[in-house]
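Engineer: My questions will all concern the structure given below.
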Amino acid sequence: MAYPLKSEEMLFSKKLNPPYHPPLFLNNCVIKSVKSHKHIGSFLTTTMSWEMQISNMISKTSKRVSALNKLKFRLPRTVLDTIYKSFIRPLLEYADIIWHGCTSCDSQRLERVQYECALTVSGAVRGSSYSSLLAELGWERLSDRRHVHSLVMFYKIVNGHTRQYLKDLIPPVVSVFTSHNLRNKHNLRVPICTTSRYQKSFIPYATQHWNGLDTAVRSLSFSLYKKHLMKLVRPSINKHFSYGPRYTCALLTRLRIGTCSLNQSLFIRNLASSPACNCGCRCEGVVHFLLYCPTYQQYRTIFFDNLQNLLGNSLDFNSLSESARIHLLLRGSTCLSYHTNCSILKLTQLYIVHTKRFATTL
Numbered sequence: 003m004a005y006p007l008k009s010e011e012m013l014f015s016k017k018l019n020p021p022y023h024p025p026l027f028l029n030n031c032v033i034k035s036v037k038s039h040k041h042i043g044s045f046l047t048t049t050m051s052w053e054m055q056i057s058n059m060i061s062k063t064s065k066r067v068s069a070l071n072k073l074k075f076r077l078p079r080t081v082l083d084t085i086y087k088s089f090i091r092p093l094l095e096y097a098d099i100i101w102h103g104c105t106s107c108d109s110q111r112l113e114r115v116q117y118e119c120a121l122t123v124s125g126a127v128r129g130s131s132y133s134s135l136l137a138e139l140g141w142e143r144l145s146d147r148r149h150v151h152s153l154v155m156f157y158k159i160v161n162g163h164t165r166q167y168l169k170d171l172i173p174p175v176v177s178v179f180t181s182h183n184l185r186n187k188h189n190l191r192v193p194i195c196t197t198s199r200y201q202k203s204f205i206p207y208a209t210q211h212w213n214g215l216d217t218a219v220r221s222l223s224f225s226l227y228k229k230h231l232m233k234l235v236r237p238s239i240n241k242h243f244s245y246g247p248r249y250t251c252a253l254l255t256r257l258r259i260g261t262c263s264l265n266q267s268l269f270i271r272n273l274a275s276s277p278a279c280n281c282g283c284r285c286e287g288v289v290h291f292l293l294y295c296p297t298y299q300q301y302r303t304i305f306f307d308n309l310q311n312l313l314g315n316s317l318d319f320n321s322l323s324e325s326a327r328i329h330l331l332l333r334g335s336t337c338l339s340y341h342t343n344c345s346i347l348k349l350t351q352l353y354i355v356h357t358k359r360f361a362t363t364l
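Residue numbers for the sequence shown follow this note's numbering, so the first one is 3 and each next one is one higher.
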């Protein structure tokens, strides 16, 4: 039974001057006309824009992002990472395969929320490169995750893991429309799109990118298929980057990203009048601080001796190039075990603490 007082009427149109439509009546009652409607957690608007949906998701996450920021130096990085992925990111991805075709402006608004969380989790400072933060944490862009989610859902639909009415929406294969033995005969026919809005909607978008996958990938089991897609967009995760006390772990992260409190970094960001070091060197950068600054020579000698004892005969630190030494001190090496890399970063953190160069930066 329909209840007119609980019913709403909404007209979808992108016309600047939509035609007049007379009101609808139900049981002699006028049905209320609305500009937006919330359906299963998603906002539908008369203009078919997702701006309200994006704004609602950002509003829901604001308190959680604020709470996460208050825990910035109270919890280890691994715990902060888990909190973000468990309680914040799911809100930013609710029903994302439906609105993944949102405008670039709305997409950037969501990425800015993740950027704020990346600053908190990593301990980096504002002004850090978003790409560098994602590489540091092993996170994907939200837009890349939406792309993967769309292809994962499309796989389920094509292989009959969903309701039949969804599979009925899938276009037929190319071979249905021609008798020629074409190379793309196993591809699905992409719907003809006359507007960019329709082209970015789920079926046309997912069909086009499904055809772009190798046939062997489409034939994988669901778990392997999903794993393959995530591997394409997910940066490598360096678990040892989270090792150590939160304070020194954050300082080391800033050195890796390049937005630390060394004069060169401050000068580049217009926060210092000169990039020079107090020792007289013209540029106080990461290389100078870790390898050459005479002010910290006594700490560096102990640092390098302990490092070489740790490496033993497996690697001669002094024979490495300058860039290789910096990479080893800040990031470890893929040739070494997790525990060895943790020990290397621990020595670097101890050197940073002993120099007291960043004593007031946090």
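Using N, Cα and C, we set each Cβ at its ideal position, and we do this for glycine too.
It should be emphasised that the depicted structure is a prediction, and the values quoted were computed from it without experimental measurement.
1) Look at L309 and V288 and say whether their C-beta atoms are less than 8 Å apart.
2) To the nearest angstrom, how far is it from the Cα of C344 to the Cα of L332?
3) From the DSSP output, in three-state form, read off V289 for me.
4) Name the one or two DSSP bridge partners that S38 has.
5) Measuring alpha carbon to alpha carbon, tell me which residue in S133, N29, N311 and L293 is nearest S325.
6) Quick one: using the 10 Å Cβ neighbour count with 16 as the cut-off for buried, is R76 buried or exposed?
7) Can you tell which of P25, I172 and L338 has its C-alpha closest to the C-alpha of K241?
8) What separation, rounded to the nearest whole angstrom, lies between the Cα atoms of G129 and R271?
9) Roughly how many whole angstroms lie between the Cα atoms of C195 and P206?
10) Where does the unbroken alpha helix (DSSP H) through A326 begin, and where does it stop?
11) So is D83 buried or exposed if we call it buried at 16+ other beta carbons inside 10 Å?
12) Would you tell me roughly how many angstroms separate the C-alpha atoms of A126 and Y301, rounded to the nearest one?
13) Could you have a look at V235 and say whether DSSP puts it in helix, strand or coil?
14) Using 8 Å as the threshold, is the C-beta distance between L70 and C119 below it?
15) Could you tell me whether the segment 244-261 touches the segment 217-224, using the rule of 3 or more Cβ pairs below 8 Å?
16) Can you tell me whether A361 is buried or exposed? The criterion is at least 16 other CB atoms within 10 Å of its CB, across all chains shown.
17) Using the three-state DSSP reduction, which class does F14 fall into: helix, strand or coil?
18) Apart from the five residues on each side of it in sequence, which residues of its chain come closer than 6 Å, Cβ to Cβ, to C262?
19) Compare the C-alpha of F224 against each of N161, P173 and S198 and name the closest.
20) For S323, does the count of other Cβ atoms within 10 angstroms reach 16, so buried, or fall short, so exposed?
21) Under three-state DSSP, which class holds L26?
22) For V67 versus E142, is the C-beta distance shorter than 8 Å?
Structural biologist: So, from the data block:
1) For L309 and V288, no; Cβs fall outside 8 Å.
2) Whole-angstrom Cα-Cα distance: 11 Å.
3) Three-state DSSP puts V289 in a helix.
4) The partner list for S38 (beta bridge, DSSP) reads T47.
5) Selected option, being the one with the closest Cα: L293.
6) By the 16-neighbour rule on beta-carbons within 10 angstroms, R76 is exposed.
7) Among P25, I172 and L338, the Cα nearest to that of K241 is on L338.
8) For G129 and R271, the distance between alpha carbons rounds to 8 Å.
9) So the two alpha carbons sit approximately 8 Å from each other.
10) Taken as a continuous stretch (DSSP letters only), the alpha helix (DSSP H) holding A326 covers E324 to R333.
11) That one is buried.
12) Roughly 25 Å between the two C-alpha positions.
13) Helix, per DSSP.
14) Contact: yes.
15) Judged by pairs of C-beta atoms under 8 Å, the segment 244-261 does not touch the segment 217-224, as fewer than three such pairs exist.
16) A361 should be labelled exposed.
17) Three-state DSSP puts F14 in coil, outside helix and strand.
18) The residues R256, in chain order, have a CB closer than 6 Å to that of C262 in the same chain once the five nearest residues on each side in sequence are set aside.
19) The option with the nearest alpha carbon to F224 is N161.
20) Exposure of S323 is indicated by the presence of fewer than 16 other C-beta atoms within 10 angstroms of its C-beta.
21) Coil, per DSSP.
22) Contact flag unset, no.
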